[in-house]
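> First to last, the protein sequences are chains U and H.
The numbering of the first sequence is this note's numbering, which starts it at 1 and goes up by one.
The numbering of the second sequence is this note's numbering, which starts it at 115 and goes up by one.
Let me give you the structure first, and then I'll get to my questions.
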Amino acid sequence: EAGVTQSPTHLIKTRGQQATLRCSPISGHTSVYWYQQALGLGLQFLLWYDEGEERNRGNFPPRFSGRQFPNYSSELNVNALELEDSALYLCASSPRQRQNQPQHFGDGTRLSIL
Amino acid sequence: GDSVTQMEGPVTLSEEACLTINCTYTATGYPSLFWYVQYPGEGLQLLLKATKADDKGSNKGFEATYRKETTSFHLEKGSVQVSDSAVYFCALSQGGSEKLVFGKGTKLTVNP
Numbered sequence: 001e002a003g004v005t006q007s008p009t010h011l012i013k014t015r016g017q018q019a020t021l022r023c024s025p026i027s028g029h030t031s032v033y034w035y036q037q038a039l040g041l042g043l044q045f046l047l048w049y050d051e052g053e054e055r056n057r058g059n060f061p062p063r064f065s066g067r068q069f070p071n072y073s074s075e076l077n078v079n080a081l082e083l084e085d086s087a088l089y090l091c092a093s094s095p096r097q098r099q100n101q102p103q104h105f106g107d108g109t110r111l112s113i114l
Numbered sequence: 115g116d117s118v119t120q121m122e123g124p125v126t127l128s129e130e131a132c133l134t135i136n137c138t139y140t141a142t143g144y145p146s147l148f149w150y151v152q153y154p155g156e157g158l159q160l161l162l163k164a165t166k167a168d169d170k171g172s173n174k175g176f177e178a179t180y181r182k183e184t185t186s187f188h189l190e191k192g193s194v195q196v197s198d199s200a201v202y203f204c205a206l207s208q209g210g211s212e213k214l215v216f217g218k219g220t221k222l223t224v225n226p
């Protein structure tokens, strides 16, 4: 069974540009979660999508947005990039019946802002 | 809001030493508790979990017991190996919000 896959592995952008990160969940998983792992800030919850809808959002500005497609894959978009957006962005997925089910993580996209 | 506090690292041990990484949490209700491990250059892997009080999660020689009275979920291993070198994260989740709340992580280095 394939795990959670994320692309690209690395992404280099400059301030003010826009970045798009992609995630494919484990087959059969309907929920996708996004987390930011920035140096000194630890792992912070960004967004949760389930069945195509945004279900929960962390404490991030509106320039962080995303969507989930009918095949349950997801995109994270970051507009007007700032230097502090440099981080590892992790995607996770879990099955439809989420209660007590763990989230399974991909290897992440390393976003570097120059 | 919910929070997780885990032992600050880094922790350096010799092979075959005993490991304990402390984790305590603050949460309303009855969260599920997890330990995740992150090897260099990789994402997070689930190590073990516990979903209710007094549950013991175990995997690959690691154990942790959900202690509601002390709001703790300490990670233990009796004999560590060089291959256990990684960053370990304690986390909780609440039904409904679904997000994972993580501790800051503890970096473990095991020397031969």
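No residue lacks a Cβ here, since even glycine has one placed at the ideal position from N, Cα and C.
Can you confirm whether the stretch 98-113 of chain U touches the stretch 10-25 of chain U when touching is taken to mean that 3 or more C-beta pairs between the two stretches lie within less than 8 Å?
Touching, per the Cβ criterion.
> With a CB to CB cut of under 7 Å and the five nearest residues on each side skipped, what residues in its chain are close to glutamine 101/U?
So the list reads Ser94 and Pro95, once near-sequence residues are dropped.
> Hey, alanine 205/H and valine 215/H are a contact pair by Cβ (cut 8 Å); roughly how many whole angstroms apart?
Correct: roughly 6 Å between the Cβ atoms.
> Just checking my contact of alanine 92/U with phenylalanine 105/U at CB under 8 Å: how many whole Å lie between their CB atoms?
The pair is a contact, with the Cβ atoms about 5 Å apart (cut-off 8 Å).
> So, helix, strand or coil for leucine 114/U, using DSSP?
Here leucine 114/U sits in coil by DSSP.
> Provide the residue(s) that pair with asparagine 173/H in DSSP beta bridges, ordered along the chain.
Asparagine 173/H pairs with Phe176/H.
> 8 Å is my cut-off, CB to CB: does phenylalanine 64/U come that close to chain H?
By this cut-off, phenylalanine 64/U is not an interface position.
> Counting only beta-carbon separations shorter than 8 Å, does histidine 104/U have a partner in chain H?
Chain H, which has a Cβ nearer than 8 Å to the Cβ of histidine 104/U, makes this yes.
> Using C-beta distances below 7 Å, list every residue in its chain close to serine 172/H, excluding the 5 sequence neighbours before and after it, in chain order.
Cβ within range, chain order: Leu162.
> How is glutamate 183/H classed by DSSP in three states: helix, strand or coil?
It is coil, neither helix nor strand.
> Using the beta-carbon of each residue, which ones in chain U are nearer than 7 Å to leucine 158/H?
Result: Leu90 and Phe105.
> Would you mind stating whether glutamine 235/H and glycine 217/H have Cβ atoms separated by less than 8 Å?
No answer is possible for residue 235/H: it lies beyond the span of chain H, which begins at 115 and ends at 226.
> Would you report the Cα separation of glycine 157/H and arginine 22/U, rounded to the nearest angstrom?
Straight-line Cα distance between these residues: approximately 15 Å.
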